[in-house]
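Sequential numbering from 6 applies to the sequence shown in this note's numbering.
Each residue gets a CB set at the ideal place from its N, CA and C atoms; glycine is no exception.
Following: one structure in structure tokens, then a few remarks.
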Amino acid sequence: MADRAVASARAARTRLDTVTEDLGRLLKEQNRLTEEHTAELARLAEKRTAERARLTEEHTAATDRLTEEHAAHVARLDARLREAESARAAALSATANAAGRMQALATGMLADLRAMEDKHHDEEVLADLLHLDHRTAQAGRLADSVAVLTGARSGRRWARPIAMESILRGAMGRIGGYQRVRAHSASDTAVAGHAAEGVMHALAELLDNAANFSPPTAEVHVYVEEVPSGIIVSVEDSGLVMSDVQLRRAERAVSGESTDLGGLTGTRLGLAVVGRLARRYGLKVSYRPSARGGTSALMLIPQELLVTTGASAPASTGTAPAATSSATTARAGEATATTATTATAPAGEATTTPAT
6 MADRAVASAR AARTRLDTVT EDLGRLLKEQ NRLTEEHTAE LARLAEKRTA
56 ERARLTEEHT AATDRLTEEH AAHVARLDAR LREAESARAA ALSATANAAG
106 RMQALATGML ADLRAMEDKH HDEEVLADLL HLDHRTAQAG RLADSVAVLT
156 GARSGRRWAR PIAMESILRG AMGRIGGYQR VRAHSASDTA VAGHAAEGVM
206 HALAELLDNA ANFSPPTAEV HVYVEEVPSG IIVSVEDSGL VMSDVQLRRA
256 ERAVSGESTD LGGLTGTRLG LAVVGRLARR YGLKVSYRPS ARGGTSALML
306 IPQELLVTTG ASAPASTGTA PAATSSATTA RAGEATATTA TTATAPAGEA
356 TTTPAT
């Protein structure tokens with residue numbers, strides 16, 4: 006029994022020694038792996054730091070390069086924009102200058118025609134002179150429109166208030182289809198001299214638009230109504246009814262909100278002129294369906310632009326030549342309209358200045 010116990014003890018010691026040796030080897034291996042792992046971590050950390058520094062440097066360089074390129078691009082665009090603005094301003098200035106010359110030329114031609122109308126009484130000659138007078142008045146309105154759109158001032162100045170009746174007839178004389186316009190006015194008010202030309206011009210554009218969009222034989226009716234806030238001038242035609250989209254587009258054009266001249270063609274040109282004049286003089290223009298089947302344009306002339314007729318100009322700023330024959334009588338309506346448009350006012354009443 007004793008021998009057997011000694012043998013078991015020796016075997017156990019042998020196994021313990023073996024386990025101890027294995028444990029020692031494992032601990033050494035663990036230490037080696039720990040050292041290798043620590044070294045690898047340090048190497049990776051160093052590499053990551055170097056890589057981060059490299060990427061940061063590259064990113065900074067790329068950012069600086071893009072910033073410089075962006076700044077240079079913005080500078081080029083800014084230079085081009087300034088050049089475009091300068092060219093646009095020069096073009097507008099040249100156009101305004103040309104419009105001023107056209108205004109002065111038209112006014113001079115009208116004065117010459119008036120002098121010839123007073124000299125010649127032959128009905129055929131007088132009829133031709135009246136026709137030229139009317140066409141020249143339309144050309145003057147076009148020059149005034151160009152001046153308005155380019156920000157220049159009108160070529161005419163009125164020193165005294167102009168009666169509402171003369172405002173209506175003056176506007177009628179500046180359009181092609183004036184024969185179809187029927188004015189209904191019982192107002193005894195007048196428009197202040199500084200605003201008379203602008204109101205007359207805006208009304209002429211509305212009348213021209215109504216005449217152009219009505220059947221060739223249809224009449225255009227103009228009504229004047231006095232209200233507490235001023236005077237409402239209604240222009241009613243019997244043309245096609247405008248759709249809601251067209252009404253909104255037209256009201257936006259006459260509101261004067263947009264100053265962009267791009268895309269102005271056809272009737273939009275006239276409405277843009279109305280918008281500029283409305284903004285300048287405080288006029289309010291709106292549209293609604295007309296009882297005559299077409300469209301009605303309403304222009305409110307504010308009270309601050311109106312004066313009583315006690316200080317206003319005569320009802321007409323010009324008179325038609327005496328009717329000496331049937332031909333002259335047939336054109337008497339044209340004479341009244343055109344002479345009311347641009348005839349020289351009484352001394353000191355109107356002056357003409359080229360647009361600037």
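Query - C-alpha distance - Glu230 paired with Ala80, whole-angstrom precision - result: Spanning the alpha carbons of Glu230 and Ala80 requires a straight line of approximately 57 Å.
**Report entry** Assumed close pair Ala191, Thr314 - CB separation to whole angstroms, cut-off 8 Å
**Finding:** With a Cβ gap of about 12 Å, Ala191 and Thr314 do not count as contacting.
Requested in this report: May I have the straight-line CA-CA distance separating Ala96 from Leu71, to the nearest angstrom?
Outcome: Taken atom to atom, the span from the alpha-carbon of Ala96 to that of Leu71 is near 36 Å.
Report task. Out of Leu82, Thr155, Asn102, Gly145, state which residue places its alpha-carbon closest to the alpha-carbon of Ala116. Result -> Gly145
Query raised in the report: So the alpha helix (DSSP H) Leu82 belongs to, where does it begin and stop?
Result: 7-124
Query raised in the report: So the alpha helix (DSSP H) Ile236 belongs to, where does it begin and stop?
Result: From DSSP, Ile236 is part of no alpha helix (DSSP H) but of the beta strand (DSSP E) over 235-241.
Requested in this report: Just list the beta strand (DSSP E) runs in the stretch 145-227, keeping only unbroken ones of 3 residues or longer that don't cross its boundaries, in chain order.
Outcome: 161-163, 186-189, 194-196
Query raised in the report: Does the Cβ of Asp138 have 16 or more other Cβ atoms within 10 Å, making it buried, or fewer, making it exposed?
Result: buried
Query raised in the report: Do Ala80 and the ligand ADP come close, with the Cβ less than 7 Å from some heavy atom?
Result: In terms of ligand content, the structure shown is empty, and the ligand ADP therefore cannot be addressed.
Query raised in the report: Does the stretch 199-212 come close enough to the stretch 280-291 to have 3 or more Cβ pairs within less than 8 Å?
Result: yes
Requested in this report: In the DSSP assignment, find the alpha helix (DSSP H) that holds Arg257 and state where it starts and stops.
Outcome: DSSP places Arg257 inside the alpha helix (DSSP H), whose first and last residues are 249-260.
Query raised in the report: Where do the N-terminal and C-terminal ends of the beta strand (DSSP E) with Ser291 fall, by residue?
Result: 289-294
**Report entry** Neighbourhood of Pro359 by C-beta, 7 Å cutoff - its chain only, sequence neighbours within 5 removed
**Finding:** Below a pLDDT of 50, predicted positions are generally treated as unreliable, and Pro359, at 43, falls in that range; the measurement from the model is reported next regardless. Closer than 7 Å at Cβ, skipping near neighbours: Gly105, Arg106, Gln108, Ala109, Gly160.
Requested in this report: Leaving aside the five residues before and after Arg293 along the sequence, list all residues of the same chain whose C-beta is less than 6 Å from its C-beta, in chain order.
Outcome: Ser301
Query raised in the report: Run through DSSP, which three-state label would Leu245 get?
Result: Coil at Leu245, not helix or strand.
Report task. Taking Thr314 as part of the beta strand (DSSP E), name the residues at either end of that continuous run. Result -> Note, Thr314: premise wrong, no beta strand (DSSP E); not H, not E.
Query raised in the report: Looking only at C-alpha atoms, which of Thr222, His199, His226, Gly198 sits nearest to Leu211?
Result: His226
Query raised in the report: With 16 other CB atoms within 10 Å as the buried threshold, where does Arg9 fall?
Result: exposed
Query raised in the report: Are Glu241 and Arg185 touching if we call contact CB-CB under 8 Å?
Result: no
Requested in this report: Drop a sphere of 10 angstroms on the beta-carbon of Ala362, count the other beta-carbons inside from all chains shown, and report buried for 16 or more, exposed for fewer.
Outcome: One cannot answer for residue 362 here, as it falls past the ends of the chain, which runs 6 to 361.
**Report entry** Contacting residues, own chain, Cβ-Cβ under 7 Å from Val151 (five flanking each side not counted)
**Finding:** Thr100, Ala104
**Report entry** Contact belief for Ile180 with Ala209 at Cβ below 8 Å, rounded distance in angstroms
**Finding:** 6 Å
**Report entry** Nearest-angstrom Cα separation, counted from Thr25 out to Ala17
**Finding:** Cα to Cα, Ala17 sits roughly 12 Å from Thr25.
Query raised in the report: By how many angstroms is the C-alpha of Ala94 removed from the C-alpha of Lys289?
Result: CA-CA distance, Lys289 to Ala94, rounds to 29 Å.
Requested in this report: Indicate whether Gly235 and Leu311 have their beta-carbon atoms separated by less than 8 Å.
Outcome: yes
Query raised in the report: Using CA coordinates, which residue listed in Tyr228, Trp163, Leu274, Asp249 is at the minimum distance from Asn214?
Result: Leu274
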